[in-house]
Amino acid sequence: MDPSRLRDLPSVDRLATSIAKAVLQERREELLGGARDDADLVARAAERLRPSLRRVVNATGVIVHTNLGRALLSDDARAAVLRAATGYANLELDLGDGRRGSRHDHVEGLLRELTGAEGAMVVNNCAAAVLLAAASLAGDGREIVVSRGQLIEIGGSFRIPDVVTQSGAALREVGTTNRTRLRDFAAALGERTGAILRAHPSNFRAVGFVEDVSIEALCGLGVPVIDDVGSGVLADDVPLLAEEPSVRRSVRAGAALVCFSGDKLLGGPQAGVLVGTADAVAAAKRHPLARALRIDKLSLAALEATLALYRDPERARREIPVLAMLEADPAVLRARAERLAGVLGGEVVDAVAKVGGGALPLLELAGPVARLSHPAPDRL
Ligand SMILES: *Cc1c(COP(=O)(O)O)cnc(C)c1O
0 MDPSRLRDLP SVDRLATSIA KAVLQERREE LLGGARDDAD LVARAAERLR
50 PSLRRVVNAT GVIVHTNLGR ALLSDDARAA VLRAATGYAN LELDLGDGRR
100 GSRHDHVEGL LRELTGAEGA MVVNNCAAAV LLAAASLAGD GREIVVSRGQ
150 LIEIGGSFRI PDVVTQSGAA LREVGTTNRT RLRDFAAALG ERTGAILRAH
200 PSNFRAVGFV EDVSIEALCG LGVPVIDDVG SGVLADDVPL LAEEPSVRRS
250 VRAGAALVCF SGDKLLGGPQ AGVLVGTADA VAAAKRHPLA RALRIDKLSL
300 AALEATLALY RDPERARREI PVLAMLEADP AVLRARAERL AGVLGGEVVD
350 AVAKVGGGAL PLLELAGPVA RLSHPAPDRL
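Written out as structure tokens, the structure reads:
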């Protein structure tokens, strides 16, 4: 250790005074507001020294847990974030001709290569992607046609009817909660139609007397289709994910804009990806909302590195933590559970895990877990 680093520590006075001031000010306001409790101000001061956003142990058995930060990044993605954070970067500079470039360029080629789409862009998250898609294809007051079975809420108050309204488009509902047919869509199309929106019911399933329309049939109607597939499965070869909509399939069907998340099953950073036809992507890039919804450079760096791993599907499955966890070897899981139970005190029992992130809500991943016998597991 370099002893000169000790000199960089703040003085006791400076540190203690700034924290004491903040804690005392807060307490003063509480007392003036009529507080009667006994507050432990020393404990509060200690708490202030801890970062608010901190590491936790995910012992929930949910792989993509929204409250715990969703996907963990691969080694490559982490290294890319570090590079982008610690030096200047060609974020919006074309190194070829020295002119201003576009931040979308860093991933557009990769996304086209991986999905087969003509164009691509990325924004802050998938909610933003859907809003931008709706605004750019129908935000001038034209209609967006949606099945009543897909007027869904994803969580965090992201509701399809509200998003369509906020985009400036008019919502045109067709069909019923459980059954919508191609002719329901066809009958609603006309001069005022801007687009059809399909939204994947990510976190629930309707079973029984149900019917909906395939993406191929929707695209055959001849109006632009926005396909919100939610999770963004690019790993078509992972059998567990077969029930989730594939991005490539929607592109092949001819969807104008396919929207998906960066940090669900894709296994990257928070981001919203739009891929689709050249015209639709160009319209989305031109829309004024695109600037307000843009992705930041750290997420962009992580996304580029994550997408690059998908060029080799085998490597993606090994190195992207979400995919590796989904396909973890049962023997490895058992050995880990036994080690944990041995060290922490407990036993190995069978239980089920979930995918999470609003994907595959019915899938149960059976496997071994360590059941701890410690009286205060939080202290572990
Ligand atoms: C999760 C989800 C969204 C929102 O994605 P974020 O990246 O969390 O903004 C939108 N649509 C569908 C269908 C989803 O599953």
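Under numbering that gives the first Met the number 0, think of the first position of the sequence shown as 0, with each following residue one higher.
C-beta atoms are modelled at their ideal positions from N, C-alpha and C, and glycine is treated no differently.
Cβ-Cβ distance between residue i and residue j below 7 Å
{"i": "residue 68", "j": "residue 352", "result": "no"}
{"i": "residue 163", "j": "residue 133", "result": "yes"}
{"i": "residue 185", "j": "residue 144", "result": "no"}
{"i": "residue 83", "j": "residue 297", "result": "yes"}
{"i": "residue 266", "j": "residue 325", "result": "no"}
{"i": "residue 168", "j": "residue 264", "result": "no"}
{"i": "residue 191", "j": "residue 142", "result": "yes"}
{"i": "residue 305", "j": "residue 76", "result": "yes"}
{"i": "residue 106", "j": "residue 146", "result": "no"}
{"i": "residue 62", "j": "residue 368", "result": "no"}
{"i": "residue 157", "j": "residue 198", "result": "no"}
{"i": "residue 80", "j": "residue 336", "result": "no"}
{"i": "residue 73", "j": "residue 319", "result": "yes"}
{"i": "residue 271", "j": "residue 128", "result": "yes"}
{"i": "residue 47", "j": "residue 18", "result": "yes"}
Three-way DSSP call (helix, strand, coil) for residue i in this model
{"i": "residue 259", "result": "strand"}
{"i": "residue 371", "result": "strand"}
{"i": "residue 143", "result": "strand"}
{"i": "residue 324", "result": "helix"}
{"i": "residue 229", "result": "strand"}
{"i": "residue 61", "result": "strand"}
{"i": "residue 363", "result": "coil"}
{"i": "residue 343", "result": "helix"}
{"i": "residue 17", "result": "helix"}
{"i": "residue 44", "result": "helix"}
{"i": "residue 127", "result": "helix"}
{"i": "residue 7", "result": "helix"}
{"i": "residue 161", "result": "helix"}
{"i": "residue 74", "result": "helix"}
{"i": "residue 114", "result": "helix"}
{"i": "residue 250", "result": "helix"}
Proximity winner among the options, relative to residue i (alpha-carbon distances)
{"i": "residue 181", "options": "11, 205, 200, 211", "result": "211"}
{"i": "residue 123", "options": "153, 261, 6, 329", "result": "261"}
{"i": "residue 44", "options": "21, 11, 191", "result": "21"}
{"i": "residue 118", "options": "87, 274, 317", "result": "274"}
{"i": "residue 208", "options": "201, 200, 179, 222", "result": "179"}
{"i": "residue 153", "options": "202, 139, 112", "result": "202"}
{"i": "residue 246", "options": "238, 307, 114", "result": "114"}
{"i": "residue 278", "options": "198, 235, 136", "result": "136"}
{"i": "residue 361", "options": "239, 97, 27, 271", "result": "239"}
{"i": "residue 234", "options": "299, 282, 308, 337", "result": "308"}
{"i": "residue 281", "options": "36, 127, 103", "result": "103"}
{"i": "residue 223", "options": "206, 243, 149, 250", "result": "250"}
{"i": "residue 294", "options": "319, 0, 311, 268", "result": "268"}
{"i": "residue 23", "options": "170, 183, 41", "result": "41"}
{"i": "residue 244", "options": "32, 231, 92", "result": "231"}
{"i": "residue 364", "options": "327, 170, 189", "result": "327"}
{"i": "residue 165", "options": "138, 175, 155", "result": "138"}
Near ligand 2: residue i beta-carbon under 6 Å from a heavy atom
{"i": "residue 368", "result": "Ligand 2 is not part of the structure shown, which contains ligand 1 as its ligands."}
Please list, following the chain, all residues that have a C-beta closer than 5 Å to any non-hydrogen atom of ligand 1. 124, 125, 126, 153, 199, 201, 227, 229, 260, 357
Does the stretch 257-273 touch the stretch 224-238, meaning 3 or more C-beta pairs lie closer than 8 Å? By the C-beta criterion, the stretch 224-238 is judged to be in contact with the stretch 257-273, since at least 3 inter-stretch pairs fall below 8 Å.
Evaluate the contact criterion for the stretch 367-374 versus the stretch 342-351: three or more CB pairs, one atom per stretch, below 8 Å. yes
Kindly confirm or deny that the stretch 328-341 and the stretch 200-218 touch, where touching means at least three C-beta pairs closer than 8 Å. no
Please confirm if the stretch 312-320 is in contact with the stretch 280-295, defined as three or more CB-CB distances below 8 Å between the two stretches. no
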